[in-house]
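Peer 1: Protein chains in written order, with this note's numbering: chain A, 557 to 858; chain B, 557 to 858.
Protein chains: 2
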Amino acid sequence: MARLYGGIEAGGTKFVCAVGSGPDDIEAEVQFPTTEPEETIGRVVEFVKQYRSELAAIGIASFGPVDPDPGSPTYGFITTTPKPGWANTDLAGEIGRALDLPVGFDTDVNGAALGEYRWGAAQGLDTFLYLTIGTGIGGGGMVGGQLMHGLVHPEMGHIRLPRDATDRGADDKPFPGICPFHGDCLEGLACGPALEARWGQSPETLPPDHRAWPLEAHHLALALVNFVCTLSPQRILMGGGVMKQRQLFPLIRRQVLELLNGYVQAPEILDDIDHYIVPPGLGSRAGVLGAIALAERNLEGY
Amino acid sequence: MARLYGGIEAGGTKFVCAVGSGPDDIEAEVQFPTTEPEETIGRVVEFVKQYRSELAAIGIASFGPVDPDPGSPTYGFITTTPKPGWANTDLAGEIGRALDLPVGFDTDVNGAALGEYRWGAAQGLDTFLYLTIGTGIGGGGMVGGQLMHGLVHPEMGHIRLPRDATDRGADDKPFPGICPFHGDCLEGLACGPALEARWGQSPETLPPDHRAWPLEAHHLALALVNFVCTLSPQRILMGGGVMKQRQLFPLIRRQVLELLNGYVQAPEILDDIDHYIVPPGLGSRAGVLGAIALAERNLEGY
Chain A
557 MARLYGGIEA GGTKFVCAVG SGPDDIEAEV QFPTTEPEET IGRVVEFVKQ
607 YRSELAAIGI ASFGPVDPDP GSPTYGFITT TPKPGWANTD LAGEIGRALD
657 LPVGFDTDVN GAALGEYRWG AAQGLDTFLY LTIGTGIGGG GMVGGQLMHG
707 LVHPEMGHIR LPRDATDRGA DDKPFPGICP FHGDCLEGLA CGPALEARWG
757 QSPETLPPDH RAWPLEAHHL ALALVNFVCT LSPQRILMGG GVMKQRQLFP
807 LIRRQVLELL NGYVQAPEIL DDIDHYIVPP GLGSRAGVLG AIALAERNLE
857 GY
Chain B
557 MARLYGGIEA GGTKFVCAVG SGPDDIEAEV QFPTTEPEET IGRVVEFVKQ
607 YRSELAAIGI ASFGPVDPDP GSPTYGFITT TPKPGWANTD LAGEIGRALD
657 LPVGFDTDVN GAALGEYRWG AAQGLDTFLY LTIGTGIGGG GMVGGQLMHG
707 LVHPEMGHIR LPRDATDRGA DDKPFPGICP FHGDCLEGLA CGPALEARWG
757 QSPETLPPDH RAWPLEAHHL ALALVNFVCT LSPQRILMGG GVMKQRQLFP
807 LIRRQVLELL NGYVQAPEIL DDIDHYIVPP GLGSRAGVLG AIALAERNLE
857 GY
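Right under this line is the structure:
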């Protein structure tokens, strides 16, 4: 029988908790809204405790910013989040102590990336990216078989991109973007709320042939080109609410090829772009399954 | 007594070969122009052979593109270079067999990065970048303690950047850049030949207060911001001929802070940018010392 793990996808809006060993073996699952830390952590512990005797470890994939450095005194903390009450919360420590189990801990995107590595669209790779395009834009993944960490967690959403001079609004001005730090960085141009600000309606309600989508694909393709030139991933996974617009994938792939213009001589890109830029294999399950994978990886050290 | 290694810095213009164990212990060194592969490799072997009995291993830091994947059938090859005669040259294999010594092999930038990690400005770090701004723009470094590799070697020089609308030439048009693939990508805007094309004179002859330098710093700062947001390095080392213009460093640092605008909450950046963006500690010795470090790392597996 496979070892069982508790997986906790800690999101800013909701928490998803599951007990299992992988996508085909989930014994129980629950979700609840993210309220204040004490109450929310209490519900996590209450749920997981029922299965305590069967569990080998727990994993937590958390919204952030978090401290994922095991050598740091604030390892496992949610650090400077503006979310009320959650700054400086010792999420991994409190849950681990209450349950007396080892904890694997990382960011939500790195968790999802690890889930995809273990059971999804990144199996067998050692250098790949997982991007999520939704309320914000975040990124994670692996380089050389290790989850990406650095000085802080690299989030990828705030890179700067060239603007197309023909890309102007009704007022003949370029869209200024919505990022409070940078205006028209990637996130400021291409996250869900940026689309809503620009087009005056929720992006889910824009028809698939709306001109918003080729432009969105252009911005995302520019970002992907920069990531390819910087990290040379073996594959790029794109998830999140905006990427449910499946018409974006062929548009992005074509523009990535055009923008690279033959510079990267890799058959994986030149001949097989359909398998190079892909949706997550686990779909919306990547988060909680990623948390289970974090538990397993931490315990087994793979 | 420290183990001795042979280090070979294989450049497109010249080869530098040294025998030693580190920056304070170089027993012999030679350099010669890069001619055709047979002759050039012959000179390498002839030089190193004199010290053969004292050597534990050799290291090669090579111009590229190269294949640095030990699992690949073309590991150690220079692959698709346009340099006449050098495409598909089994550089590591030929030298290693002729000398019957183990070979550590990587790109020139990763070699220099490793030299800086071992003895220079990246000691004690596990995630950092080494950029070279010269005839071209290249990058390498470490992520999580491993030299950066991926689908192909990520070279970093070809990322796309925003252009400043006020940045226009005498003809009131934006400088188109010189990259044959992308026009105004980072390399197309900011490498040495791009500066020469734009200002009509060799960059070494431009005075330190020429308006070329704030603009060069702006382009490089935009690139650094993208690398910081993508990889979150603990430090960025900048070498190469263009960076001998030391007035660039304070300009770049200031613009990086302005462009990040407080987004990355790391004291290493916010409070200590002078030690975050730095020249290589080994200066122009990083290349050949990096080759010695590749020999050592390959043998000792650190």
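All residues carry an ideal CB built from backbone N, CA and C; glycine is no exception.
Quantities reported herein were computed from a predicted structural model and do not represent experimental measurements.
Which two residues bound the contiguous beta strand (DSSP E) that contains tyrosine 561 of chain B?
Peer 2: Taken as a continuous stretch (DSSP letters only), the beta strand (DSSP E) holding tyrosine 561 of chain B covers 560-566.
Peer 1: Quick check on phenylalanine 783 of chain A - is its C-beta less than 8 Å from some C-beta in chain B?
Peer 2: So yes, phenylalanine 783 of chain A belongs to the interface.
Peer 1: Could you tell me which of B/Val781, B/Leu745, B/Ile582 and B/Ser758 sits nearest to proline 710 of chain A, measuring between CA atoms?
Peer 2: When only C-alpha atoms are compared, the closest one is B/Val781.
Peer 1: Assuming glycine 795 of chain A and proline 730 of chain A form a contact by the criterion Cβ under 8 Å, report the distance between their Cβ atoms to the nearest whole angstrom.
Peer 2: Contact flag wrong, Cβ pair sits at about 28 Å.
Peer 1: Answer with buried or exposed for glutamate 852 of chain A, where buried requires no fewer than 16 other C-beta atoms within 10 angstroms of its C-beta.
Peer 2: Glutamate 852 of chain A is buried by the Cβ-count criterion.
Peer 1: Provide the residue(s) that pair with aspartate 581 of chain B in DSSP beta bridges, ordered along the chain.
Peer 2: Answer by DSSP bridge pairing, in chain order: B/Gly578.
Peer 1: How far does the alpha helix (DSSP H) with aspartate 664 of chain A in it extend, from its first residue to its last?
Peer 2: Segment 664-675, the alpha helix (DSSP H) holding aspartate 664 of chain A.
Peer 1: Using beta carbons (cut-off 8 Å, strictly below), is alanine 822 of chain B in contact with chain A?
Peer 2: Yes, because at least one Cβ of chain A sits closer than 8 Å to the Cβ of alanine 822 of chain B.
Peer 1: Going along the chain, which residues of the region 709-720 of chain A sit with their C-beta nearer than 8 Å to a C-beta in chain B?
Peer 2: Under the 8 Å Cβ criterion, the region 709-720 of chain A contributes His709, Pro710, Glu711, Met712, Gly713, His714, Ile715, Arg716, Leu717, Pro718 and Arg719.
Peer 1: Taking just the CA atoms, how far does leucine 778 of chain A sit from alanine 721 of chain A?
Peer 2: Cα to Cα, the separation comes out at about 15 Å.
Peer 1: Nearest to arginine 674 of chain B by alpha carbon, out of B/Gly568, B/Asp827, B/Ser577 and B/His831?
Peer 2: When each option's Cα is compared against that of arginine 674 of chain B, the closest is B/Ser577.
Peer 1: Verify the CB distance criterion: does leucine 699 of chain A have a CB-CB separation below 8 Å to chain B?
Peer 2: Checking the sequence, you will find valine at residue 699 of chain A rather than leucine. Valine 699 of chain A counts as touching chain B.
Peer 1: Is it true that the CB of glycine 706 of chain A sits closer than 8 Å to the CB of leucine 787 of chain B?
Peer 2: Closer than 8 Å, so yes.
Peer 1: Do three or more CB pairs link the region 561-580 of chain B to the region 826-845 of chain B at distances below 8 Å?
Peer 2: Touching, per the Cβ criterion.
Peer 1: Looking only at its own chain, which residues have a Cβ that is under 7 Å from the Cβ of proline 749 of chain A, when we skip the five neighbours before and after it?
Peer 2: Only Thr691 and Ile734 meet the Cβ criterion.
Peer 1: Relative to the C-alpha of isoleucine 689 of chain A, which candidate in A/Tyr819, A/Gly797 and A/Arg810 has its C-alpha closest?
Peer 2: Looking at the Cα atoms, A/Gly797 is the closest of the given residues.
Peer 1: CA-CA distance, threonine 683 of chain A and glycine 676 of chain A?
Peer 2: The straight-line gap from Cα to Cα measures roughly 14 Å.
Peer 1: Got a sec? Which residues, its chain only, sit under 7 Å from isoleucine 715 of chain B by beta carbon, not counting five neighbours each side?
Peer 2: Same-chain partners within the cutoff: Cys741, Leu742, Ala779 and Asn782.
Peer 1: Reducing DSSP to helix, strand and coil, say where threonine 645 of chain B ends up.
Peer 2: Of the three classes helix, strand and coil, the one that applies to threonine 645 of chain B here is strand, per DSSP.
Peer 1: Expressed to the nearest angstrom, what Euclidean distance is found between the alpha-carbon atoms of valine 601 of chain A and leucine 611 of chain A?
Peer 2: Roughly 13 Å between the two C-alpha positions.
Peer 1: Does the beta carbon of phenylalanine 603 of chain B come closer than 8 Å to any beta carbon on chain A?
Peer 2: Answer no: the Cβ-Cβ gap between phenylalanine 603 of chain B and chain A never drops below 8 Å.
Peer 1: The beta strand (DSSP E) spanning isoleucine 634 of chain A covers which residue range?
Peer 2: Taken as a continuous stretch (DSSP letters only), isoleucine 634 of chain A belongs to no beta strand (DSSP E), as it is neither H nor E.
Peer 1: Express the C-alpha separation of phenylalanine 737 of chain A and glutamate 814 of chain B in angstroms, rounding to a whole number.
Peer 2: Using only the alpha carbons, I get a separation of about 10 Å.
Peer 1: Proline 589 of chain A bridges to which residues according to DSSP?
Peer 2: Answer is A/Lys570, bridged to proline 589 of chain A.
Peer 1: Rounded to the nearest angstrom, what separates leucine 685 of chain B and glycine 695 of chain B at their Cα positions?
Peer 2: If I take the Cα positions, the gap works out to 7 Å.
Peer 1: Is methionine 698 of chain A helix, strand or coil when you go by DSSP?
Peer 2: DSSP places methionine 698 of chain A in strand when its eight states are reduced to three.
Peer 1: Distance, Cα to Cα, valine 575 of chain B vs glycine 632 of chain A?
Peer 2: Their Cα atoms are separated by approximately 46 Å.
Peer 1: What residues in the region 795-819 of chain A bring their beta carbon closer than 9 Å to a beta carbon of chain B?
Peer 2: Listed in sequence order: Leu815, Leu816, Asn817, Gly818 and Tyr819.
Peer 1: CB-CB under 7 Å to arginine 719 of chain B, same chain, minus the five flanking residues each way: which ones, in chain order?
Peer 2: Correct list, in chain order: Pro730 and Asp740.
Peer 1: Helix, strand or coil for cysteine 735 of chain B? Go by DSSP, reduced to three states.
Peer 2: Three-state DSSP puts cysteine 735 of chain B in a strand.
Peer 1: Per DSSP, what kind of secondary structure is isoleucine 715 of chain A in: helix, strand or coil?
Peer 2: Note: isoleucine 715 of chain A maps to coil in three-state DSSP.
Peer 1: Hey, how far is the Cα of alanine 613 of chain B from the Cα of alanine 773 of chain B?
Peer 2: Looking at the two C-alpha atoms, the distance is approximately 40 Å.
Peer 1: Skipping 5 residues on each side, what residues in its chain have a beta carbon closer than 8 Å to that of alanine 643 of chain A?
Peer 2: Excluding positions up to five away in sequence, the list reads Ile634, Thr635, Thr636 and Thr637.
Peer 1: Rounded to a whole number of angstroms, what is the C-alpha to C-alpha distance between arginine 791 of chain B and glycine 837 of chain B?
Peer 2: So the alpha carbons of these two residues sit roughly 12 Å apart.
Peer 1: Can you confirm whether serine 788 of chain A, when its beta carbon is compared against all beta carbons of chain B, has any partner nearer than 8 Å?
Peer 2: Serine 788 of chain A counts as touching chain B.
Peer 1: Below 6 Å CB to CB, which residues in the same chain sit around alanine 669 of chain B once its five sequence neighbours on both sides are set aside?
Peer 2: Once the five neighbours on either side are set aside, the close Cβ partners of alanine 669 of chain B are Tyr686, Gly696 and Gly697.
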